[in-house]
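**Q** To start, I am sharing the structure in question, which I have written as structure tokens.
What follows is the structure in structure tokens.
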């Protein structure tokens with residue numbers, strides 16, 4: 030018996046040359062399925078089995094992009110990958126967000142055609158072969174839609190269904206996208222399209238398809254196939270109470286041509302909430318017979334702390350600071366905003382004695398502090414975030 034040439038080292042003339050291993054030829058994938066995950070361990074085995082069944086006869090791979098799930102999703106995927114090399118896992122540490130996970134997975138794809146779907150078993154994987162055929166027929170993007178005739182969204186609760194339809198209508202009216210379901214998380218497109226658009230896509234938020242369609246500005250030929258949106262079997266929904274802010278931020282960012290970023294809008298929203306906290310603290314301080322200068326200083330520190338906490342939770346949640354880094358970030362936030370805080374107090378004190386209007390003086394001081402907070406947090410506190 031002769032040994033396999035794929036395992037035999039060959040040498041380039043000298044004993045010191047590094048061995049070269051000739052890999053056995055492999056069939057490159059025609060389709061990559063990108064699946065973002067967070068706490069989806071219980072759905073993995075059934076999903077992979079379903080993919081293997083419906084994609085039988087097609088060269089494919091699946092890239093699961095896991096946001097460091099505490100339930101061991103990444104470990105389970107590696108175990109599956111040892112049995113089936115078509116299964117790959119990208120484990121993201123210190124980064125969160127469905128859009129960013131989808132972009133990373135699509136850019137890591139080997140196939141010329143990339144599909145995106147969820148791991149929660151709500152998307153009908155049996156639609157993938159038809160979507161692939163539509164791509165072969167000339168489509169640039171194939172959208173699995175819940176809202177065209179023949180589709181439905183039974184897996185949605187009543188309030189989520191209404192919210193999804195309202196968001197779809199808003200996206201169509203403001204951004205002029207023509208898809209009946211631009212909020213869909215189940216779609217297929219060419220990898221070269223992703224590579225072209227990726228530098229302009231937001232890594233925040235959840236609505237990556239909407240971002241793709243809005244960024245392409247009508248240049249993509251869209252084909253739609255209907256399906257029934259199922260009921261989640263297990264795991265955690267990636268939708269939470271921050272989705273509305275992300276969605277509105279994306280709408281504003283695209284409508285302004287990127288002039289107002291999603292992150293800036295989030296920071297501004299937090300700042301507006303911080304202003305309310307600032308004025309409330311200032312009013313309480315004055316009600317306790319504190320001098321305006323002292324009350325304004327206390328209100329400033331209160332608002333700064335509030336803004337730091339909320340920005341860490343919302344605006345920079347993909348770079349969220351925890352543990353010792355959280356305390357260090359808070360101290361750094363205080364330190365780098367010290368000059369801004371001093372200007373805040375000084376400007377407000379001057380405005381108060383000029384106008385004798387406590388609320389106007391508070392706003393003037395808070396504005397100075399807000400400018401410093403944004404600039405310094407981007408530069409030094411959450412410096413790894415764009």
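Numbering (the numbering used here), first residue to last: 30 to 415.
Heads up, the beta-carbon is just placed ideally off N, CA and C, and yes, glycines get one too.
If you're wondering where the values come from, they're calculated on a predicted model, not measured in any experiment.
1. Between 338, 333 and 135, which has its C-alpha nearest residue 238's C-alpha?
2. Taking C-alpha atoms, which residue in 377, 391, 255 and 103 lies nearest to residue 301?
3. Looking at C-alpha atoms only, which residue of 332, 128, 66 and 177 is the closest neighbour of residue 374?
4. If we define contact as Cβ-Cβ less than 8 Å, is residue 199 a contact residue for chain B?
5. Tell me whether residue 178 sits in a helix, a strand or coil according to DSSP, three-state version.
6. Just list the residues that DSSP pairs residue 89 with in beta bridges.
7. Determine the burial state of residue 152: buried for a count of at least 16 other Cβ atoms within 10 Å of its Cβ, exposed for fewer.
8. Please state if the CB of residue 143 and the CB of residue 223 are separated by a distance shorter than 8 Å.
9. For residue 305, is the classification buried or exposed, using 16 other Cβ atoms within 10 angstroms of its Cβ as the cut-off for buried?
10. How long is the line joining the alpha carbons of residue 378 and residue 323, rounded to whole angstroms?
11. For residue 69, which of 80, 100 and 62 has the nearest alpha-carbon?
12. With DSSP as the reference, please indicate the residues paired to residue 98 in a beta bridge.
13. Have a look at residue 17 and residue 352 and give me their C-alpha separation to the nearest angstrom.
14. Taking just the CA atoms, how far does residue 159 sit from residue 407?
15. Please list, in chain order, all residues of the same chain as residue 428 whose beta carbon is under 6 Å from its beta carbon, the five residues on each side excluded.
16. Is the Cβ-Cβ distance between residue 145 and residue 251 less than 8 Å?
17. Out of curiosity, what's the CA-to-CA distance linking residue 321 and residue 388?
18. Which residues mark the beginning and the end of the alpha helix (DSSP H) in which residue 343 is found?
19. What are the partner residues of residue 255, as DSSP defines its beta bridges?
20. Helix, strand or coil: how does DSSP classify residue 55 here?
21. For residue 113, tell me which candidate among 80, 125 and 95 has the shortest Cα-Cα distance.
22. Is the distance from the Cβ of residue 87 to the Cβ of residue 104 below 8 Å?
23. Would the beta-carbon of residue 312 fall within 8 Å of that of residue 344?
24. Please identify the residue among 328, 148, 162 and 226 whose C-alpha is closest to the C-alpha of residue 395.
25. State the start and end residues of the unbroken beta strand (DSSP E) segment that holds residue 117.
26. Return the residue from the list 381, 385, 404 and 338 that minimises the CA-CA distance to residue 367.
27. Do residue 83 and residue 119 have their C-beta atoms closer together than 8 Å?
28. Just to confirm, are residue 410 and residue 380 a CB contact at a threshold of 8 Å?
29. Is the distance from the Cβ of residue 209 to the Cβ of residue 176 below 8 Å?
30. Among 73, 346, 131 and 337, which has the Cα closest to the Cα of residue 357?
31. Verify whether the separation of the beta carbon atoms of residue 91 and residue 56 is less than 8 Å.
32. What does a CB cutoff of less than 8 Å around residue 132 pick up in its chain, not counting 5 residues either side in sequence?
33. Please specify which runs of the alpha helix (DSSP H), each continuous and at least 4 residues long, are wholly inside the segment 65 to 89, giving them in chain order.
**A** Concretely, from the data shown:
1. Taking only the C-alpha atoms, the option nearest residue 238 is 135.
2. By alpha-carbon distance to residue 301, the top candidate from 377, 391, 255 and 103 is 391.
3. Nearest in C-alpha terms to residue 374, of all of 332, 128, 66 and 177, is 332.
4. Protein chain content of the structure displayed is limited to a single chain, and chain B is not contained in it.
5. Here residue 178 carries a coil assignment [DSSP, helix/strand/coil].
6. Note: residue 89 is bridge-paired with 60 in the DSSP secondary-structure output.
7. Label assigned to residue 152: buried.
8. In contact: residue 223 and residue 143 (Cβ atoms closer than 8 Å).
9. Counting every other CB atom within 10 Å of its CB across the protein chains shown gives residue 305 a total below 16, marking it as exposed.
10. Rounded to whole angstroms, the gap between the alpha carbons of residue 378 and residue 323 is 10 Å.
11. The alpha carbon of residue 69 has as its nearest neighbour, out of 80, 100 and 62, the alpha carbon of 100.
12. For residue 98, which the question treats as bridged, DSSP gives no partner whatsoever.
13. Nothing about residue 17 can be reported from this structure: the residues present for the chain run from 30 to 415 only.
14. Looking at the two C-alpha atoms, the distance is approximately 45 Å.
15. Outside the modelled stretch of the chain, which goes from 30 to 415, sits residue 428, for which no answer is possible.
16. Not closer than 8 Å, so no.
17. Those two C-alpha atoms are separated by around 11 Å.
18. Premise fails: residue 343 is in no alpha helix (DSSP H) and is neither H nor E.
19. According to the DSSP secondary-structure assignment, residue 255 is paired through a beta bridge with 174.
20. Coil.
21. Out of 80, 125 and 95, 80 has the C-alpha closest to the C-alpha of residue 113.
22. Not a contact, by the Cβ cut-off of 8 Å.
23. Residue 344 sits away from residue 312, with the two beta carbons spaced by 8 Å or more.
24. Answer by Cα proximity: 328.
25. Annotation for residue 117: the continuous beta strand (DSSP E) segment containing it runs 116 to 120.
26. Minimum Cα distance to residue 367 is reached at 404.
27. Judged by beta-carbon spacing, residue 119 lies beyond the 8 Å limit of residue 83, meaning their Cβ atoms are not closer than that value.
28. Cβ distance not < 8 Å, so residue 410 and residue 380 don't count as in contact.
29. Yes, Cβ-Cβ distance for residue 209 and residue 176 is below 8 Å.
30. Ranked by how close their Cα comes to the Cα of residue 357, the residues 73, 346, 131 and 337 have 337 in first place.
31. No, Cβ-Cβ distance for residue 91 and residue 56 is not below 8 Å.
32. Excluding residues within five positions, the ones whose Cβ falls inside 8 Å are 223, 227, 230, 232 and 237.
33. Every alpha helix (DSSP H) of 4 residues or more that sits fully in the segment 65 to 89 is shown, in chain order, as 70 to 83.
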